[in-house]
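Asker: In this note's numbering, the protein residues as written are 20 to 185.
Even for Gly, the Cβ is constructed at its ideal location relative to N, Cα and C.
A quick note: this is a predicted structure, and the numbers were derived from the prediction, not measured.
Following this message is one structure expressed as structure tokens.
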């Protein structure tokens, strides 16, 4: 495996951060009570600590899944139209622990205000719907794939990368 210079690593880290911060929705993988994997999409907001917040309806399967099994995976992936090779698409995956935020908790108001600032008036209406739940997804581990032979473990909280070597 090739060695990566400090200068190249700084460029890769900057690319990773720009890609991550450009996202507004995430692909969410959860597991049903029957043990079946399910995947969906949800808009999110992110806090300073690197946690992801989603506001989701009980009508969506992922909500019931998260209430019963708080483990989830989050995926961000470069669109095919922006990728040269579908086998080497740029992507970020986090393994997360999910926790529901109660409506009475101070974090609920803080994060819903962040949602409204990011996504506008739709959130003002959604906030009033009692079948919606706010979850925080706390990354426990992460990987960034920048292309062939370019896989990195993500240092959580600091957004630092460590090149994975065989």
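Please name the residue in 102, 171, 83 and 166 whose C-alpha comes closest to that of residue 118.
Answerer: In the chain shown, the residue the question calls residue 118 occupies position 99. With distances taken between Cα atoms, residue 118 lies closest to 83.
Asker: Buried or exposed: where does residue 176 fall if 16 or more other Cβ atoms within 10 Å of its Cβ makes it buried?
Answerer: Counted from its first residue, the chain shown places residue 176 at position 157. With fewer than 16 other Cβ atoms within 10 Å, it is exposed.
Asker: So is residue 116 buried or exposed if we call it buried at 16+ other beta carbons inside 10 Å?
Answerer: Within the chain shown, residue 116 is the residue found at index 97, counting from 1. Counting Cβ neighbours within 10 Å, residue 116 comes out exposed, since fewer than 16 surround it.
Asker: My parser needs the alpha helix (DSSP H) runs of 4 or more residues fully inside the stretch 54-134; what are they?
Answerer: 80-87
Asker: Which residue wins for smallest C-alpha separation from residue 97, given the options 90, 59 and 110?
Answerer: As a working note, residue 97 is residue 78 in the chain shown. Checking every option, the nearest Cα to that of residue 97 belongs to 110.
Asker: Quick one: any contact between the stretch 162-174 and the stretch 117-133, if contact means 3 or more CB pairs under 8 angstroms?
Answerer: no
Asker: In this structure, how does DSSP classify residue 154 when only helix, strand and coil are distinguished?
Answerer: Residue numbering aside, residue 154 sits at position 135 when the chain shown is read from its first letter. In the structure shown, residue 154 sits in a strand (DSSP, three-state: E or B).
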